[in-house]
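For the sequence shown, the residue numbers in this note's numbering are -10 to 322.
Data first, discussion second: the structure below is written as structure tokens.
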Amino acid sequence: MQFDPLKRRELVALLGGAAAWPLAAQAQQPDRMRRIAVLLNYASDDPEAQARLGALLQGLQQHGWSIGRNVRIEYRFGALDPNRLRKFAAELVAWDPDVIVANAPPSVVALQEVSRSVPIVFAAVTDPVGLGIVQSLARPGGNATGFTPAEFSTSAKWLELLKELAPNVRRVAILRDLSNPSAVAQFAAIQTAAAALGLEVSAGAVRTVNDIEHDLAEFAKSPNGGVIVTRLTETISKRQTIIESVARHQLPAVYPLRLFAAAGGLAAYGPDIVDEFRRAAGYVDRILRGEKPADLPVQAPTRYELVLNLKTAKALGLDVPPILLARADEVIE
-10 MQFDPLKRRE LVALLGGAAA WPLAAQAQQP DRMRRIAVLL NYASDDPEAQ ARLGALLQGL
50 QQHGWSIGRN VRIEYRFGAL DPNRLRKFAA ELVAWDPDVI VANAPPSVVA LQEVSRSVPI
110 VFAAVTDPVG LGIVQSLARP GGNATGFTPA EFSTSAKWLE LLKELAPNVR RVAILRDLSN
170 PSAVAQFAAI QTAAAALGLE VSAGAVRTVN DIEHDLAEFA KSPNGGVIVT RLTETISKRQ
230 TIIESVARHQ LPAVYPLRLF AAAGGLAAYG PDIVDEFRRA AGYVDRILRG EKPADLPVQA
290 PTRYELVLNL KTAKALGLDV PPILLARADE VIE
């Protein structure tokens, strides 16, 4: 079993509460050792990758799957490298797992290029129908199913939140990656909402660190600007660079997930992706018990989080409206 680079004490911490969880299901587990493969599209040392993996492991434990007793886990980290993802996808399929858990579209696409028969449970895959990963949300019809983070229409809420936080904003830069199909759909939804709010939007690139800094520096030369960061693997992996550049140019910004606000971003609104990995364990359990991905509907988020960072708001000279504070799920002081 391959658990490096997670240190032993970190793994124990992830599973440390297991003794207190209801494990009656264990008595029903089959004797055969099952195999679960995991392919994450992040670097192994990314805290978000470890949080998602931890939630998955805890969810499996809650369903009665005990590492070393009735299940083995093999995992790989793609670090946003397409070649690594393809290589690791082939390795994991060759390991002959009972089911593979995959994070984000690039991981699932890489796996399906290798096999259309090995069951896949995915999390954080926006528009799996449009990407050809499943036939429909209600009846996936193939070897993959899982959890999608949000509909594209929710992107409009980022603009509404930005206007509430910074009423003087008239121009909005949308950070996206044109190589990601989801970015195009999110940008289209934002454009539609911007027209109704009287906002002018423009697109910025996140391909490289230099792209981010150059585009934001140019954008900040004119007044009344704000930033929206779209929900993409590319923006998540470059989140620290984005947050630091936005702060350097004194731009109010709204982000798509809690982890951005926790890292210093002004505000975030989006699904709880870590919770999706915990829920993914339930689908893994059902597949290990004989159900097929084709018959398990793709599920939408059950939790959305509004997170506000008051320290960042103060640095920008913004007064957060009391109504927003009352609505927030989390306020970072």
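Cβ atoms here follow ideal geometry from the backbone N, Cα and C, with glycine treated the same way.
Check whether the Cβ atoms of residue i and residue j lie closer than 8 Å to each other.
{"i": "residue 221", "j": "residue 261", "result": "no"}
{"i": "residue 298", "j": "residue 254", "result": "yes"}
{"i": "residue 82", "j": "residue 122", "result": "no"}
{"i": "residue 84", "j": "residue 258", "result": "no"}
{"i": "residue 267", "j": "residue 48", "result": "yes"}
{"i": "residue 158", "j": "residue 213", "result": "yes"}
Between the C-alpha atoms of residue i and residue j, what's the straight-line distance to the nearest angstrom?
{"i": "residue 300", "j": "residue 256", "result": "11 Å"}
{"i": "residue 252", "j": "residue 225", "result": "11 Å"}
{"i": "residue 114", "j": "residue 228", "result": "18 Å"}
{"i": "residue 170", "j": "residue 91", "result": "18 Å"}
{"i": "residue 271", "j": "residue 168", "result": "32 Å"}
{"i": "residue 95", "j": "residue 211", "result": "36 Å"}
{"i": "residue 124", "j": "residue 118", "result": "6 Å"}
{"i": "residue 132", "j": "residue 101", "result": "8 Å"}
{"i": "residue 283", "j": "residue 295", "result": "33 Å"}
{"i": "residue 62", "j": "residue 204", "result": "42 Å"}
{"i": "residue 192", "j": "residue 150", "result": "19 Å"}
{"i": "residue 201", "j": "residue 33", "result": "24 Å"}
{"i": "residue 265", "j": "residue 245", "result": "15 Å"}
{"i": "residue 250", "j": "residue 22", "result": "41 Å"}
{"i": "residue 177", "j": "residue 231", "result": "21 Å"}
{"i": "residue 99", "j": "residue 184", "result": "37 Å"}
{"i": "residue 293", "j": "residue 317", "result": "10 Å"}
{"i": "residue 290", "j": "residue 138", "result": "6 Å"}
{"i": "residue 18", "j": "residue 175", "result": "Caution applies to residue 18, whose pLDDT of 45 falls short of 50 and renders its modelled position unreliable; the model cannot decide the point."}
{"i": "residue 219", "j": "residue 311", "result": "26 Å"}
{"i": "residue 70", "j": "residue 164", "result": "20 Å"}
{"i": "residue -1", "j": "residue 173", "result": "Any reading at residue -1 needs caution, since the residue's pLDDT is 46, under 50, leaving its predicted position unreliable; the model's value is listed next. The alpha-carbon atoms of residue -1 and residue 173 are separated by roughly 38 Å."}
{"i": "residue 233", "j": "residue 38", "result": "21 Å"}
{"i": "residue 217", "j": "residue 279", "result": "43 Å"}
{"i": "residue 281", "j": "residue 35", "result": "32 Å"}
{"i": "residue 321", "j": "residue 120", "result": "36 Å"}
{"i": "residue 335", "j": "residue 50", "result": "Since the displayed the chain opens at -10 and closes at 322, residue 335 lies outside it and no answer follows."}
{"i": "residue 187", "j": "residue 197", "result": "30 Å"}
{"i": "residue 116", "j": "residue 313", "result": "29 Å"}
{"i": "residue 315", "j": "residue 309", "result": "10 Å"}
{"i": "residue 55", "j": "residue 179", "result": "44 Å"}
Report buried or exposed for residue i, applying the criterion of at least 16 other Cβ atoms within 10 angstroms of its Cβ.
{"i": "residue 142", "result": "exposed"}
{"i": "residue 14", "result": "At residue 14, the pLDDT of 40 sits below 50, so the modelled position is not reliable and the matter cannot be decided from this model."}
{"i": "residue 108", "result": "buried"}
{"i": "residue 287", "result": "buried"}
{"i": "residue 106", "result": "exposed"}
{"i": "residue 58", "result": "exposed"}
{"i": "residue 26", "result": "buried"}
{"i": "residue 129", "result": "buried"}
{"i": "residue 41", "result": "buried"}
{"i": "residue 269", "result": "buried"}
{"i": "residue 152", "result": "buried"}
{"i": "residue 46", "result": "buried"}
{"i": "residue -10", "result": "In this prediction, residue -10 scores a pLDDT of 38, lower than 50, which makes its location untrustworthy; the coordinate-derived value is nonetheless stated afterwards. Exposed, since its Cβ has fewer than 16 Cβ neighbours within 10 Å."}
{"i": "residue 206", "result": "exposed"}
{"i": "residue 215", "result": "buried"}
{"i": "residue 162", "result": "buried"}
{"i": "residue 319", "result": "exposed"}
Could you pull out every residue in the same chain whose Cβ sits closer than 8 Å to the Cβ of residue i, ignoring the five residues on either side in sequence?
{"i": "residue 209", "result": "238, 239 and 240"}
{"i": "residue 324", "result": "The first residue shown for the chain is -10 and the last is 322, placing residue 324 beyond what the model contains."}
{"i": "residue 86", "result": "24, 25, 26, 63 and 107"}
{"i": "residue 74", "result": "28, 30, 67, 95, 96 and 99"}
{"i": "residue 303", "result": "none"}
{"i": "residue 140", "result": "289"}
Can you find a C-beta in chain B that's less than 8 Å from the C-beta of residue i?
{"i": "residue 312", "result": "Protein chain content of the structure displayed is limited to a single chain, and chain B is not contained in it."}
If you drop the 5 nearest sequence neighbours on each side, which residues of the same chain put their C-beta closer than 6 Å to that of residue i?
{"i": "residue 276", "result": "88 and 108"}
{"i": "residue 223", "result": "166 and 195"}
{"i": "residue 305", "result": "241"}
{"i": "residue 64", "result": "27"}
{"i": "residue 274", "result": "52"}
{"i": "residue 189", "result": "160"}
What does a CB cutoff of less than 7 Å around residue i pick up in its chain, not counting 5 residues either side in sequence?
{"i": "residue 12", "result": "For residue 12, the predicted structure reports a pLDDT of 37, less than 50, and the residue's modelled location is therefore unreliable. The matter cannot be settled from this model."}
{"i": "residue 126", "result": "118, 286 and 287"}
{"i": "residue 135", "result": "110, 111, 112, 114, 269, 272 and 287"}
{"i": "residue 235", "result": "205, 216 and 242"}
For the putative contact between residue i and residue j, defined by C-beta atoms under 8 Å, what is the C-beta separation to the nearest angstrom?
{"i": "residue 66", "j": "residue 31", "result": "6 Å"}
{"i": "residue 60", "j": "residue 79", "result": "With 8 Å as the limit, residue 60 and residue 79 do not qualify as a contact, their Cβ atoms being about 22 Å apart."}
{"i": "residue 145", "j": "residue 182", "result": "3 Å"}
At a threshold of 7 Å, does residue i count as lining the ligand NAP (C-beta to nearest heavy atom)?
{"i": "residue 163", "result": "Looking at this structure, you won't find the ligand NAP or any other ligand, since it has none at all."}
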